[in-house]
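Undergrad:
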Amino acid sequence: SPTGSVGIGTTSPQARLDVKAQGALSSNIVFRVRNSTDTANLLQVNGQGTLSLGLQSSVPTGIEGAIYYNSTTKKHYGFDGTNWNALY
Numbered sequence: 172s173p174t175g176s177v178g179i180g181t182t183s184p185q186a187r188l189d190v191k192a193q194g195a196l197s198s199n200i201v202f203r204v205r206n207s208t209d210t211a212n213l214l215q216v217n218g219q220g221t222l223s224l225g226l227q228s229s230v231p232t233g234i235e236g237a238i239y240y241n242s243t244t245k246k247h248y249g250f251d252g253t254n255w256n257a258l259y
């Protein structure tokens, strides 16, 4: 493995940060970022590679073209610089 690499769930990391999914299901969360009060997911990736971003009432500038998947509505949304729009 490359020098200085860190592995989570693997003893042979192949990247600087290599995270291996531990769950048997594609719905298992592999990576997650929570808010400071631990009440909401800001970002998560499941074992299938689906990225979910938490909705915010105010969207940071400079993220035009960002896409998120809402696991509640089962839809993907794209940000055009002003609004989140359902894609599919």
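The sequence shown lines up with residues 172 to 259 when you count with my numbering. For each residue, glycine too, the CB sits at the ideal point set by N, CA and C. Remember, it's a predicted structure, so these values are computed and weren't measured experimentally.
Give me the Cα-Cα distance between Y240 and L213, rounded to the nearest whole angstrom.
TA: Taking the sequence shown and counting its residues from 1, one reaches residue 240 at position 69. Taking the sequence shown and counting its residues from 1, one reaches residue 213 at position 42. So the alpha carbons of these two residues sit roughly 12 Å apart.
Undergrad: State the Cα-Cα distance for the pair A282 and G249, rounded to the nearest angstrom.
TA: Nothing about residue 282 can be reported from this structure: the residues present for the chain run from 172 to 259 only.
Undergrad: Skipping 5 residues on each side, what residues in its chain have a beta carbon closer than 7 Å to that of G178?
TA: Here residue 178 refers to the residue found at position 7 when the sequence shown is read from its first residue. Shown here for G178: same chain residues with a beta carbon closer than 7 Å to its own, the five before and five after excluded, namely P184, D189 in chain order.
Undergrad: Per DSSP, what kind of secondary structure is Q152 in: helix, strand or coil?
TA: Absent from the structure is residue 152, since the part of the chain shown begins at 172 and ends at 259.
Undergrad: Less than 7 Å between C-beta atoms, sequence neighbours within five positions excluded: which residues of the same chain meet that for F202?
TA: The sequence position of residue 202 within the sequence shown is 31, counting from 1. V190, Q215, V216, listed in sequence order.
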